[in-house]
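Residue numbers (this note's numbering), protein chains in the order written: chain C, 1 to 311; chain A, 1 to 335; chain P, 1 to 273; chain D, 1 to 139.
Cβ coordinates follow ideal geometry from the N, Cα and C atoms, glycine included.
Computed from a predicted structure; not experimentally measured.
The structure under discussion appears below in the form of structure tokens.
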Amino acid sequence: MVEKIREIARKLLGEGKVDVVLGYEKGTGPLSERPFVARTVEEVEKLTYSPFAIQNLATYLPRFNNNKVAILARGCTTRAINVLISEGQIERDKIYVIGIPCNGVIKTRELRESIGEEIEDVSIQNGEIVIKTPKEEKKVKFEDWLNISCKYCEYPNPLFYDVLVGEEVKPRGGGYPDVEEYEKLDEDERWEIFEAEMSKCVRCYACRQSCPMCYCEHCFVDSTEPRWIEPGFDKTDLESWHLIRVLHMAGRCVDCGTCELVCPEGVKLLFLTRKVARDLKRDFDYVSGLNPEKPPFFGEFRYDDKGDFIL
Amino acid sequence: MKRVPLSELERIYEALKNYGNVWVRKKNAYETAETPEELLSTVSKVKKPAKFILLPEEEPLLAFVQDGKNVTFQETIREAKGVIFGIPPCEAKAISLLDLNFLQGEGEDVYYKKRRENILLFGLACLAPDSRCFCTTFGYGPFTESFTDIFGVVVDDMLLFEGITEKGKDLVKNLDVEDAKGEELKKLEAMKKEITERVKKLDIQGIQEKLARMMDSEIWDRISSSCLGCGACTYYCPTCYCFDIQDVERPNWGYRLRTWDSCMFTLYTLEGSGHNPRPELKYRWRNRLMHKFNYYPVLYQEFGCVGCGRCIEVCPVNIDIREILMEVKNEPIRA
Amino acid sequence: MNPYAPELYRIKKTVFESDDFTLKSFLLEPVNGNMMDFIPGQFCEISVFGKGEAPFGIASAPHEKEGLLFTVNRVGLVTGALHEMEEGHIVGIRGPLGNGYPVDEFKGKSVVIIGGGFAFTTLRSLTLYLLENRKDYGKITVIYGARRPGLLLYKEDLANWEKRGDIELHLTVDTEFPEWDKHVGFVPQVLEKVAPSPENAYAVVCGPPVMIKFTLPVLAKLGFEKDKVYTSLERRMKCGIGKCGRCNIGPYYVCKDGPVFSLAQLEKLPKEY
Amino acid sequence: MADYEPKILTILCNWCSYAGADLAGTSRIQYPSNIRVVRVPCSGRVNPQFIVKALRDGVDAVWISGCHPGDCHYITGNYFARRRFYVLKDLLEYVGLEKGRIHFSWVSASEGKRFADIATLVTKEVKKLGPRKKFVKRR
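Rendered as structure tokens:
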């Protein structure tokens, strides 16, 4: 698969069809694969791909609006591209999509931290992640460390592509069991968990910056007039920040999970975004990023929208 | 050198406790120890550095009351007294770098000073440098004692330690502990050599001068191309200190709050007029790297980095400052 | 001493400087009666409690003991709140901050003061200082321009200076206006026309970036050396004492080592301003 | 809790609900004084951030009222609002905020009685909940 990606990239850059190829390269140490912008044929040799490549590459697209770009795209990446097109941020014909059917990405940070010691090498064998530390060889189940969105992903295959690398995979079958699980808890338990999660936030905004949909130049969190979110670390400010961000994501979030995967404090965010995605799908039959022609969720309405909560 | 068996740490714990709060290493942050056993923490790199104690992520500077057209205010200096137990040399050095900014020059930062003066650094040698550590690059190592007040090493089941500064010596003097034995000291020396060598040293000779000539290099484009522009690297960095001051308003009162800021944010330099002297990520990256490896040396003859590797670990896209330094080193300078 | 604790000042007088009501001047007097000493070109952090702090150049001259004068352009949170304030309101002042113009270095020399728009604030301070110590300085030339007559600051002072024989004042506006009998054209053009001699002279330039950009080549053409041209920079600032990090240009902090720099100094620094 | 008088931020659209409140007043229909009215052009103008901010800044509950579906002065403003409020309300309740802190209603200009009834109902419900313990600023 990696060889195929390089071959395509080499050809695209060599023939001058694109200026850059957005892909992944090996990170520092095992269990990390990071975004990489290949600009020359030589640099193509660095390109690689594995389930440890967590960042959704669509985040970088608006930066390259003046270039022809090839992008490695999973299902969620293509959905993000669709949303970005529908919101007028990028143009489809400037983007060459190298589609990658995806088996899900691994919660690399969480896994690394759970190991707690130096990791020398990592490989994936027969549905298991084999982790070599100086002391021992640990095996953990691939499924257990899957990003929660990937676990229930309905769109693992790129929705569109200019070239596809590998065979399409079978969707894991959607659903939102994690959200339903949370809903079963009683009100106070839910609030306690929510508050505990949010108070971990250090306001580094890695979630916002890594999100393909957070392209706003001026974020509401930085606004001083009016001051939606006050400076400092009051719980209510952290909570409001994440709640409102999730609201801004309604109908736009493509459930790639990047925000949660990159958070240095491991703040759980997907239980919020996925809750909204579930509501939209269940009650409005709306799934984000399937169609670049469709207006944004909050930009349209139906006369028979749910209204029974209104007195 | 003094010695105390790890099983009898309560002998020094009481003395530390008498001095003030005792912070110990926990996985995520330095926390107050409730029992002497907690001194035994084996965490080798605390995620949130000790900077969080000296320069907390938020801190009210003033509180004010408004009464019609009148205003009165009060300074709200939050003091702290205690011992940071087990702080590794890299973080202790980082604090010495923070001191350069906050305690030197015409305007001493009283808020920082009030805490710094009363916090004792009980350093411990770092026995488990990981693959992201590169402290030896900066002329010190996992066994360097000079940035701490008291410095110790755990050798087998024994804690060997000694006072370094006057303050540290005073505290050690009054402890009921015996002198370290010859063979323990010998073992310590062997450990020091072995562990120090384990840390991968970078050759950054001449980087300061090189950077000075690279202002207009295209390398900044390349370096910043995968950067997302979040503030994780700077927030977890033990030497980054940039802060913001904002007011919080309530009906008829309010407070002035100092919070961390990051040079990687657009807003950091955005002016009221809308003009931004560092409009793109590449300029912000240039400033961050220059600050640590050129401006800091120009101002204080010290690099603004201690090689702890935290930024490498917390970066969402795993940008590795070591690779960048090497890239800078190897980049040809165009005429 | 706490460098973050402001002194309380009371607003003594306010006056709109421009006809579009975006520029308002505030005369401030210390609540405790102790006026600060300062050098022209220095600035202060003004606190509007509850809104925050912002830096403003001091527009009054050190010898004007009736109060500190600041002229504030309404742009954001702090300046907006400041504009709403009236006589008697209390604000906080931290300062004087920064280095100020090298008035001692100017001694015995001629000084050409070139200003544009509302950046004339610290230049007013400088001009008044030079006039107060008139015998110490050579020829004083002031070239000041704005888009239209209504945007020129300190009209009373300008009228006074026009009457004096010991200062050469050139006012200009961008385009023709009824009843405007002075220069018409941009500041750099007027500078070229006036052509002050670089002989034994210093130039001080303050204004919007675009004005500065076109003024500097004219100064070079006239023969002003780079170490004889000074300008005052603006940057986002918070602490004002070189601690918070944001206003650095190279290893220098605009708040502490600036805001006044010579062109010779700036040439060696990254173009981050 | 008998003497607990909650503050309820009430955002009313100019054309229907505000007129409805007016009618309630001119018709001398009694309703609780706990509501604090803000008039907006249309319920579609209400940004969910307003609601979150108001709660955080200390009101006990928020009630938003607009024109009945089909009656919007701007034709469709309230339909857009309906979607937003649905998502917001569900999300806030999902994270554990008590049900009954946010209310929405449609009240037309002729429904003075209905306005007073809903005001009474909302106030009663909020009183039942008591002072807010969640989402409260520490200082």
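Notebook entry, point to check: When the cut-off is 8 angstroms and only beta carbons count, does residue 230(C) lie next to chain P?
Noted result: no
Checklist line | N- and C-terminal bounds of the beta strand (DSSP E) containing residue 116(P) | finding: 110-116
Notebook entry, point to check: Using the beta-carbon of each residue, which ones in chain A are nearer than 7 angstroms to residue 86(C)?
Noted result: Those within 7 angstroms of residue 86(C) in chain A number zero; the least Cβ separation is about 23 angstroms.
Note to self: Between which residues of its own chain and residue 99(D) is the CB-CB distance below 6 angstroms, once the five residues before and five after are set aside?
What the structure shows: 93
Notebook entry, point to check: Can you tell which of 229(P), 220(P), 198(P) has the C-alpha that lies nearest to the C-alpha of residue 204(P)?
Noted result: 229(P)
Item checked: Neighbourhood of residue 30(P) by C-beta, 7 angstroms cutoff - its chain only, sequence neighbours within 5 removed -> 7, 9
Next item on the list: Could you check how far apart the C-beta atoms of residue 135(A) and residue 199(A) are, in whole angstroms? I think they sit under 8 angstroms.
Entry: 6 angstroms
Check: Near residue 179(C), what residues of its chain come up, given a Cβ to Cβ distance below 8 angstroms and the 5 sequence neighbours on each side ignored?
Finding: 271, 274, 275, 278
Check: Cβ-heavy atom distance between residue 250(P) and the ligand PLP below 7 angstroms?
Finding: No copy of the ligand PLP appears in this structure; indeed no ligand is present at all.
Item checked: Local Cβ density within 10 Å of residue 231(A), reported as buried at 16 or more and exposed below that -> buried
Check: What number of angstroms, rounded off, separates the C-alpha of residue 163(P) from the C-alpha of residue 64(P)?
Finding: 20 angstroms
Check: alpha helix (DSSP H) containing residue 77(D): first to last residue?
Finding: 77-94
Item checked: Reduced DSSP category for residue 53(P) - H, G, I as helix; E, B as strand; rest coil -> strand
Item checked: Top-ranked residue by Cα proximity to residue 25(A), from 34(A), 15(A), 41(A) -> 41(A)
Check: For residue 166(A), which of 121(A), 195(A), 178(A) has the nearest alpha-carbon?
Finding: 121(A)
Checklist line | Paired residues, beta bridge with residue 56(A) - DSSP | finding: Partner(s): none; residue 56(A) has no beta bridge.
Notebook entry, point to check: Distance, Cα to Cα, residue 13(A) vs residue 36(A)?
Noted result: 6 angstroms
Item checked: Cutoff 6 angstroms; reference residue 214(C); Cβ partners in own chain excluding five residues on either side -> 208
Note to self: Rounded to whole angstroms, what is the Cα-Cα separation between residue 192(P) and residue 169(P)?
What the structure shows: 15 angstroms
Check: With burial defined as no fewer than 16 other Cβ atoms inside 10 Å of the residue's Cβ, what is the status of residue 305(A): buried or exposed?
Finding: buried
Next item on the list: Establish whether the CB of residue 210(C) and some CB of chain A are separated by less than 8 angstroms.
Entry: yes
Next item on the list: Keeping to the same chain, check which residues put their C-beta closer than 6 angstroms to that of residue 60(A); ignore five residues upstream and five downstream.
Entry: 76, 255, 257
Notebook entry, point to check: With DSSP run on the structure shown, which of helix, strand or coil describes residue 73(C)?
Noted result: strand
Margin query: Counting only beta-carbon separations shorter than 8 angstroms, does residue 89(P) have a partner in chain A?
Written below: yes
Note to self: Please list, in chain order, the residues of the region 292-322 of chain A that have any C-beta partner in chain P closer than 7 angstroms.
What the structure shows: 295, 298, 299
Note to self: Between which residues of its own chain and residue 185(P) is the CB-CB distance below 7 angstroms, once the five residues before and five after are set aside?
What the structure shows: 172
Notebook entry, point to check: Would residue 255(C) pass as a contact of residue 102(C) if the rule is Cβ separation under 8 angstroms?
Noted result: no
Check: Would DSSP call residue 56(C) helix, strand or coil?
Finding: coil
Next item on the list: Please classify residue 242(C): is it buried, with 16 or more other beta-carbons within 10 angstroms of its beta-carbon, or exposed?
Entry: buried
Next item on the list: For residue 116(P), decide whether its Cβ has a neighbour in chain C, counting only Cβ atoms nearer than 8 angstroms.
Entry: no
Next item on the list: Would you check if there are 3 or more beta carbon pairs closer than 8 angstroms linking the region 122-129 of chain P to the region 58-74 of chain P?
Entry: yes
Margin query: Quick check: what's the CA-CA separation for residue 286(C) versus residue 154(C)?
Written below: 14 angstroms
Next item on the list: In angstroms with no decimal places, state the Cα-to-Cα distance between residue 177(A) and residue 3(A).
Entry: 6 angstroms
Next item on the list: With a cut-off of 8 angstroms on the beta carbons, I'd call residue 91(P) and residue 212(P) a contact; round off their distance for me.
Entry: Their Cβ separation, rounded to whole angstroms, is 30 angstroms, which puts residue 91(P) and residue 212(P) out of contact at 8 angstroms.
Margin query: Counting only Cβ pairs nearer than 7 angstroms, list the residues of chain C close to residue 77(P).
Written below: 224, 225
Margin query: Contact between the region 20-27 of chain C and the region 36-47 of chain C is defined here as three or more beta-carbon pairs at a separation below 8 angstroms; is this criterion met?
Written below: yes
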